[in-house]
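Chemist:
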Amino acid sequence: MTTTTGPLATRRLILQGAASVALLGLGNLPFAATPARAAANDKYPEEAFRQKNEADAIKALYGKTAEPSDKVKLDAPEIAENGGVVPVSVTTTLDKVTSISFLVAENPFALAASYKFADGTIPAVANRLKMAKSTKLVAIVEADGKLYSATKDVKVTVGGCGG
Amino acid sequence: MASSIRVRATSNGDITEVQALIQHPMDTGLVKNPAGELIPAHYIQQLKFECNGKDVFVADWGTAVSKDPYVKFSFKGAKKRDELKISWTDNKGASDTTTAKIA
Chain P
335 MTTTTGPLAT RRLILQGAAS VALLGLGNLP FAATPARAAA NDKYPEEAFR QKNEADAIKA
395 LYGKTAEPSD KVKLDAPEIA ENGGVVPVSV TTTLDKVTSI SFLVAENPFA LAASYKFADG
455 TIPAVANRLK MAKSTKLVAI VEADGKLYSA TKDVKVTVGG CGG
Chain W
20 MASSIRVRAT SNGDITEVQA LIQHPMDTGL VKNPAGELIP AHYIQQLKFE CNGKDVFVAD
80 WGTAVSKDPY VKFSFKGAKK RDELKISWTD NKGASDTTTA KIA
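These protein sequence lines are chains P and W, in that order.
Each residue of the first sequence is one higher than the one before, counting from 335 in the working numbering.
Each residue of the second sequence is one higher than the one before, counting from 20 in the working numbering.
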């Protein structure tokens, strides 16, 4: 008996340990996300991509909030027939752009794509995104340390999440 | 095996325009196959464009980027015949790299 309870007991201990570590990890997330991002600029922003609504995703990605700006031009179709492939692009006249991100508000995870720009890279990007249903589309431009946004409503005829 | 990355980089002397098309399923992990089983998430997380030893453009992607992703951007500071290196990694740890000469 002792031989079986021994390993079982340790296994339970390990499980308990793992659970408490997981809890600790969760508790730390809101604080850990932003410094990690600032320290390692090259790192994939896993946390930001896991946020369900766009405000949380912006906070996790940049650690600040954006203000609307007419210097950010977001181009997307008014009506997208196929939500699986919606051509979307952003251009801006802002200076010192370091990053541009796309968020689809009604998607299961709001953040769709985030692009980093080096010095000398033109602050414009075009790509194709999936949209689950008719949604608000948000573009965020980070310029000189500040965030600017533009939004547009896109009507989706056939959602991009179907099988 | 043919590369999963197709790139066209053209320079007008000052600005280089880059268009890239990558073959990748970009599965979200939320869609079921005809048998009713969830197709596990499989998507590109990071795509990098490097020219003359410098990252000129880095894309971080989530599952909402369309299947066989396309991206277009432009940058300054490269000449015709310079090499552009493109590489991606996905959430399963797979990756691919290719180089293209700027035309």
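The beta carbon of each residue, even a glycine, is placed where N, CA and C say it ideally should be.
The model shown is predicted, which means the values in this text are computed figures rather than measured ones.
Do you know how far the Cα of Phe451(P) is from the Cα of Val475(P)?
Modeler: In the first sequence, the residue the question calls residue 475(P) occupies position 141. In the first sequence, the residue the question calls residue 451(P) occupies position 117. Roughly 11 Å between the two C-alpha positions.
Chemist: Using beta carbons (cut-off 9 Å, strictly below), is Pro364(P) in contact with chain W?
Modeler: Here residue 364(P) refers to the residue found at position 30 when the first sequence is read from its first residue. Unreliable placement is indicated for Pro364(P), whose pLDDT of 43 sits below 50; no coordinate value is reported for it.
Chemist: Under the three-state reduction of DSSP, which class applies to Lys393(P): helix, strand or coil?
Modeler: On the first sequence, residue 393(P) is found 59 positions in, with the first residue counted as 1. If DSSP states are grouped into helix, strand and coil, Lys393(P) belongs with the helices.
Chemist: If we define contact as Cβ-Cβ less than 9 Å, is Ala113(W) a contact residue for chain P?
Modeler: The residue labelled residue 113(W) in the question sits at position 94 within the second sequence. Chain P contact via Cβ: absent.
Chemist: Taking a cut of 7 Å between CB atoms, which residues from the stretch 433 to 455 of chain P lie near chain W?
Modeler: Of all residues in the stretch 433 to 455 of chain P, Val438, Asn441, Pro442, Phe443, Leu445, Ala446, Ala447, Ser448, Tyr449, Lys450, Phe451, Ala452, Gly454 and Thr455 have a Cβ within less than 7 Å of some Cβ in chain W.
Chemist: 9 Å is my cut-off, CB to CB: does Val77(W) come that close to chain P?
Modeler: The sequence position of residue 77(W) within the second sequence is 58, counting from 1. So, interface residue.
Chemist: Using alpha carbons as the reference points, say which of Ser22(W), Thr29(W) and Gly32(W) lies closest to Ile129(W).
Modeler: One cannot answer for residue 129(W) here, as it falls past the ends of chain W, which runs 20 to 122.
Chemist: For Glu56(W), which three-state DSSP category applies?
Modeler: For the purposes of this step, residue 56(W) is taken as the residue at position 37 of the second sequence. Coil, per DSSP.
Chemist: Determine, using beta carbons only, whether Gln64(W) and Asp33(W) come nearer to each other than 9 Å.
Modeler: As a first step, residue 64(W) is located in the second sequence; it is residue number 45 there, counting from the start. As a first step, residue 33(W) is located in the second sequence; it is residue number 14 there, counting from the start. Against a cut-off of 9 Å, the Cβ pair of Asp33(W) and Gln64(W) comes out as no contact.
Chemist: Ile24(W) versus chain P: which residues are under 9 Å apart at the beta carbon?
Modeler: Position 5 of the second sequence, counted from the first residue, corresponds to residue 24(W). In chain order: nothing, as chain P lies at least about 15 Å away.
Chemist: Report yes or no: is there a C-beta of chain P within less than 9 Å of the C-beta of Thr47(W)?
Modeler: As a working mapping, residue 47(W) is identified with position 28 in the second sequence. Yes, Thr47(W) lies at the interface with chain P (some Cβ there is under 9 Å from its Cβ).
Chemist: Using 8 Å for Cβ pairs, my map puts Ala83(W) next to Leu66(W). What's the rounded Cβ distance?
Modeler: Taking the first residue of the second sequence as 1, we reach residue 83(W) at position 64. Taking the first residue of the second sequence as 1, we reach residue 66(W) at position 47. Rounded, the Cβ-Cβ distance is 15 Å, inconsistent with contact.
Chemist: In terms of alpha-carbon separation, which member of Val424(P), Tyr449(P), Leu445(P) and Ile456(P) lies closest to Ser403(P)?
Modeler: On the first sequence, residue 403(P) is found 69 positions in, with the first residue counted as 1. Selected option, being the one with the closest Cα: Val424(P).
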